[in-house]
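Accompanying notes for the structure given below.
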Amino acid sequence: MLKSISSYSTTLNCTKSTGFSQSRSISTKKITIQKQSRIPFKRYQSTQPSDSQPDLNPNEPEKRYNKDGERELTTEEAEELLEGLKKIWESPDFPRSPLALDPPEIQERYRVLFEKYEIGGLASPSCAKMLNTILNDPTDSKAGSKIIHVQFFHKALMDYHLKKQMDGTEAPNAQNSIFNIFGGVKPSEGESGNKENSKDGGNTPIPPSLKFDTMLLWLSSMALTYFIFTVENNEREITWQDFVTTLYEKHYVDRLIVYNNDTVRVTLNDLGKNQPTHDSKVDYYFTIGSVQNFEEKLKALQDEKKVPEELRIPVMYLQTTSIFKSLYNIMPTLVLFGFIFWSTKKMLTSGGGIGGGLFGSQAKTFKKFNAEKQVNINFEDVAGCDEAKEEIMEFVKFLKNPKKYEKLGAKIPRGAILSGPPGTGKTMLAKATAGEAGVPFYSVSGSEFVEMFVGVGASRVRELFKTARENAPAIIFVDEIDAIGKSRSKGGKGPGGANDERENTLNQLLVEMDGFSTSDYVVVLAGTNRADVLDSALMRPGRFDRKVYLDNPELEGRKAIFAVHLKKITLSEDCDIEDLKGRLATLTPGFSGADIANCCNEAALIAARHNENSVRLHDFEQAIERVIAGLEKKSKLLSPQEKRIVAYHEAGHAICGWFLEYADPLLKVSIVPRGQGALGYAQYLPPDIYLYSTQKLLDRMTMTLGGRVSEELHFASVTSGGSDDFEKVTNLAQRMVLECGMSPKVGLINYNLDRGNDMTKPFSDKTSSLIDSEIHRLVEESYERCKNLLIEKKEEVKLVAEELLTKEVITREDMIRLLGKRPFTNRNDAFDKYLADKDERDHSKAKKEDDQKEK
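Okay, so the sequence shown: first residue is 1 according to full-length UniProt numbering, each after it adds one.
What follows is the structure, encoded as structure tokens:
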């Protein structure tokens, strides 16, 4: 019986041509074979005793069965069965395509093997053992062929059990019935409590998760197998002319099978299969327009060859539905709808769903930290912000011991704003608070409150504060609160008059912070880089009572931060920790805590790159240069003329800084390209000062213009290398005139241009013209000072430039060797302590004493 695995009923029509001449009509004999209809599911009891089964091998070892009476294969038995299956799959009669039908002889060989080893259904231990054996076959190194073998095994096993069920020799159940391969069968009434029936092939239901996993496994396996067979091209399409010339005329054709009245598959005889030009594993097929046209062409061909009736090629007609082709046809639609469903679900559940919506409603976006297990940071790990730590520590102490403060009539502050430049330790301080508090700590980012759906942000704020109150005393930390706390628009509407969800979230936050009583013991900390844009209602006392500002650390703060990070670094034995901390802190003015951490990490990376066992001072200096000026670009090669221009440019900066009294101390000059577009740089050491005199600002402007003036004096034309210097000089002059009141004509008025979205100028056109003229005057005066100085020191500029061309990098010691000691007293005590040599320190000390005597 020919049978299609992928269809439940198969119709087979066999036609054999009977005509001897072209004038004789075709007589056909059609045979229709209809499969037996589905047997109603019920429990069967075998009529044959188990001991009456034939013993195929009396010497075989004792068979093993589990508690449900199912056969369990040993490893040796599974390997033996796999070898038998491989012999079937490698035989010339085995069809390689999943669309092809297994011949009766192949089915019989399968039956003998399965009955010998008592292979159960797809959920049986024996089947699971065989799948594991096939997938771990050491003789098969290709994953694709293993998957194909699994598919062949599944196909044969389903065919075997289905045939037994159709014959009535096996009870249909959820494990081996093809009709229930995608799900279990509910037990019939009155049998739910029958435990005996569950051991003899009963209808044990499969859990829903197993149903879905099984269906997913089968769909994936079938789709993958179809794809593999399609890619490997085991089905070769030919034309009618190819069929006639290469197969029919050479007597290679055994039979023809017409599938679904549109495709004809050619079955080769033994002569055709044994030809070296034909692959026995390849199925040849060609398409036809209509069955009548095909029959007429075949009859005409055989009549022309005068083929006797008994030798004519038999033609069979088969109607089949391929599950592989059906899945292949609907796969694009399934993928499209699956992607739409997945993307919609992901959008709705991102950040916690729609506050009671369809997917993941009311999911928490905040994180609760356990101080002992999840937070490894405490106040000892936070350095350089002692005042801020003291302010925050009061919150922690109050939550730990509230009676101490309540006894004196004090109330806990509602919250604190941690503001300051990026990298100063705001989030780190909040993490340390979580580690020190020993109370529930809830952390959330301000952007997580904002979604595209109205009401989501307010709902999340309510949920956050509700959870915190239930677990009071507790601390809430909102990072980047400016995402929801910006000043509200006057109309209460967003762009285009639409409702602004961010403002709704802010309103809910204001209500929650002002709503809980002092007995709740819930403290709110918030971090932001833009405290100036926050809403005034949020900043008032009673909500955020404390405003804690974290600025870039001073010298002592930088030393403390280096002390924290140097603990994790393997330092060279000749490094003095105290001296190293002071030296590095002196070299990093204006650095934030994040910059210092980056420097320490870069130093360790540089040492590892050079295969060193420890980190030395030189590694730290290279790391600081990389953070300040960027990475060295050795691949950027300058022409000799360009290199000479850069050398004289940097020499101009160096000479101005050396001979101007209020200029910052010079550390290093380099003409090695670094960073983004920087062809050279000069490193100075500005002191930690907060008041800048007019003379100091003018000296800084003069020093900044030194590069361009040096180019004018030593070359026929100038270059674009000073564009960055001009930007700095212009910005400095603008601040002197507009903000610092250092222009006599403009006067003591602050025209701060940083007005947010306000594009109007706070002064008239006449004042604007006056401001422009004053800025131009300051720049021109600095330019003339610089030009006069460099004309006077023209030989010194040439001396430094030639040294740069020779060494590419010169240090302060080289400058002293070339120009002598700087004629002015260093105003940076840290520089004298950690960086200056003994002679320079003595000179600076004597100079200071002389200045003191003169005063």
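Every residue gets a Cβ at the ideal spot worked out from N, C-alpha and C, and that includes glycine. Source: prediction; values computed, not measured.
Residue range of the alpha helix (DSSP H) that includes residue i
{"i": "valine 315", "result": "Per DSSP, valine 315 belongs to no alpha helix (DSSP H); it is in the beta strand (DSSP E), 315-319."}
{"i": "serine 459", "result": "456-470"}
{"i": "isoleucine 377", "result": "Per DSSP, isoleucine 377 belongs to no alpha helix (DSSP H) and is neither H nor E."}
{"i": "serine 443", "result": "Per DSSP, serine 443 belongs to no alpha helix (DSSP H); it is in the beta strand (DSSP E), 441-445."}
{"i": "glutamate 578", "result": "577-587"}
{"i": "proline 125", "result": "125-135"}
{"i": "cysteine 740", "result": "Unbroken run through cysteine 740: none, as it is neither H nor E."}
{"i": "arginine 674", "result": "Neither: arginine 674 is in no alpha helix (DSSP H) and is coded neither H nor E."}
{"i": "glutamate 661", "result": "Run containing glutamate 661: none; DSSP gives neither H nor E here."}
{"i": "proline 104", "result": "104-117"}
{"i": "glycine 289", "result": "First-last for glycine 289: undefined, no H or E at that position."}
Beta-bridge pairing of residue i - partner residues as DSSP gives them
{"i": "tyrosine 284", "result": "Arg236, Val266"}
{"i": "histidine 417", "result": "In the sequence as presented, histidine is not what sits at residue 417; that position holds isoleucine. Isoleucine 417 is bridged to Ala526, Lys547."}
{"i": "arginine 488", "result": "DSSP, once it has assigned bridges, lists no residue as partnering arginine 488."}
{"i": "residue 912", "result": "Within the shown structure, residues of the chain are numbered from 1 to 855, placing residue 912 beyond reach of any answer."}
{"i": "glutamate 77", "result": "Beta-bridge pairing links glutamate 77 to no other residue."}
{"i": "tyrosine 65", "result": "Arg71"}
{"i": "threonine 811", "result": "Lys668"}
Beta-carbon proximity list for residue i, same chain, < 6 Å, skipping 5 on both sides
{"i": "leucine 157", "result": "none"}
{"i": "glutamate 76", "result": "none"}
{"i": "lysine 129", "result": "Leu73, Ala78"}
{"i": "histidine 714", "result": "Tyr648"}
{"i": "residue 882", "result": "No statement about residue 882 is possible, as the shown extent of the chain runs from 1 to 855 and does not include it."}
{"i": "valine 258", "result": "Val264, Tyr317"}
{"i": "leucine 510", "result": "Ala537"}
Beta-carbon contacts of residue i that lie in its chain and below 7 Å, excluding the five residues immediately before and after
{"i": "alanine 585", "result": "Leu555, Arg558, Lys559, Phe562"}
{"i": "tyrosine 521", "result": "Leu399, Pro402, Ile412, Ala472, Pro473"}
{"i": "arginine 255", "result": "Thr267, Ile313, Pro314, Met316"}
{"i": "tyrosine 160", "result": "Tyr110, Arg111, Phe114"}
{"i": "valine 746", "result": "Val737, Leu770, Ile771, Glu774"}
{"i": "isoleucine 596", "result": "Arg558, Ile561, Phe562, His565, Thr588"}
Closest Cα partner of residue i within the set the options
{"i": "threonine 139", "options": "Tyr684, Glu625, Glu83", "result": "Glu83"}
{"i": "cysteine 656", "options": "Glu118, Tyr252, Leu790", "result": "Leu790"}
{"i": "serine 717", "options": "His649, Glu70, Glu237", "result": "His649"}
{"i": "tryptophan 240", "options": "Thr528, Asp254, Val266, Asn136", "result": "Val266"}
{"i": "threonine 732", "options": "Phe715, Gly721, Leu705", "result": "Inspection of the sequence shows that residue 732 is occupied by leucine rather than by threonine. Leucine 732 has its Cα closest to that of Leu705, out of Phe715, Gly721, Leu705."}
{"i": "glutamate 108", "options": "Gly590, Leu85, Leu247", "result": "Leu85"}
{"i": "alanine 629", "options": "Gly675, Phe659, Gly593", "result": "Gly675"}
{"i": "isoleucine 749", "options": "Ile771, Lys273, Glu304", "result": "Ile771"}
{"i": "leucine 697", "options": "Glu661, Val548, Ala383, Thr344", "result": "Glu661"}
{"i": "lysine 833", "options": "Ile330, Ala654, Arg583", "result": "Arg583"}
{"i": "aspartate 90", "options": "Glu621, His149, Pro308", "result": "The residue you asked about is not aspartate; residue 90 is glutamate in the sequence shown. Residue His149 is the option with its Cα nearest to glutamate 90."}
{"i": "residue 894", "options": "Gly438, Glu573, Leu506, Val450", "result": "A query on residue 894 cannot be resolved here, the shown segment of the chain reaching from 1 to 855 and no further."}
{"i": "proline 687", "options": "Thr760, Val646, Leu587, Asp725", "result": "Leu587"}
{"i": "proline 440", "options": "Leu162, Arg785, Ala430", "result": "Ala430"}
{"i": "glutamate 512", "options": "Gly590, Val335, Gly415, Val450", "result": "Gly415"}
{"i": "lysine 581", "options": "Phe337, Lys567, Ala594", "result": "Lys567"}
{"i": "glutamate 795", "options": "Lys807, Thr811, Lys547, Leu819", "result": "Leu819"}
{"i": "threonine 811", "options": "Gly593, Gly425, Tyr681, Glu304", "result": "Tyr681"}
{"i": "glutamate 387", "options": "Lys426, Lys404, Leu408", "result": "Lys426"}
{"i": "residue 856", "options": "Gly455, Glu390, Glu480", "result": "The question about residue 856 has no answer, for the chain in this structure spans 1 to 855."}
{"i": "valine 396", "options": "Val523, Glu309, Val335", "result": "Val523"}
{"i": "residue 862", "options": "Ala383, Glu295, Asn529, Leu538", "result": "Residue 862 lies beyond the range of the chain shown here (1 to 855); nothing can be said about it."}
Limits of the unbroken beta strand (DSSP E) element including residue i
{"i": "leucine 666", "result": "666-670"}
{"i": "arginine 255", "result": "253-259"}
{"i": "tyrosine 684", "result": "681-684"}
{"i": "valine 797", "result": "That residue, valine 797, is in no beta strand (DSSP E); its alpha helix (DSSP H) goes 794-807."}
Other residues of its chain near residue i: CB distance less than 8 Å, five sequence neighbours each side excluded
{"i": "proline 125", "result": "Asn66, Glu70, Arg71, Glu72, Leu73"}
{"i": "aspartate 93", "result": "Pro103, Glu105, Ile106"}
{"i": "residue 864", "result": "Residue 864 is absent from the model: the chain starts at 1 and stops at 855."}
{"i": "lysine 787", "result": "Val709, Glu712, Leu713"}
heavy atom of the ligand NAD below 6 Å from residue i C-beta
{"i": "asparagine 613", "result": "This structure does not include the ligand NAD; it has no bound ligands of any sort."}
Below-7 Å beta-carbon distance, residue i vs any chain B residue
{"i": "proline 686", "result": "Looking at the structure shown, chain B is missing, and only one protein chain is on hand."}
Inter-stretch contact at 8 Å, needing at least 3 Cβ pairs: the region 706-713 / the region 733-743: When Cβ pairs closer than 8 Å are counted between the two stretches, the region 706-713 is seen not to touch the region 733-743, the count staying below three.
Stretch pair the region 500-513 + the region 373-387: three plus CB contacts closer than 8 Å: Too few Cβ pairs lie closer than 8 Å, so no.
Any contact between the region 596-603 and the region 634-641? By contact I mean 3 or more CB pairs, one from each, below 8 Å. No contact exists between the region 596-603 and the region 634-641.
Can we say the region 775-785 touches the region 759-766, given the rule of at least three CB pairs closer than 8 Å? Touching, no, given that fewer than three Cβ pairs across the two stretches are closer than 8 Å.
For the structure I just gave you, are there three or more beta carbon pairs, one from the region 666-675 and one from the region 798-808, closer than 8 Å? Three or more Cβ pairs drawn from the region 666-675 and the region 798-808 lie within less than 8 Å of each other, which places the two stretches in contact.
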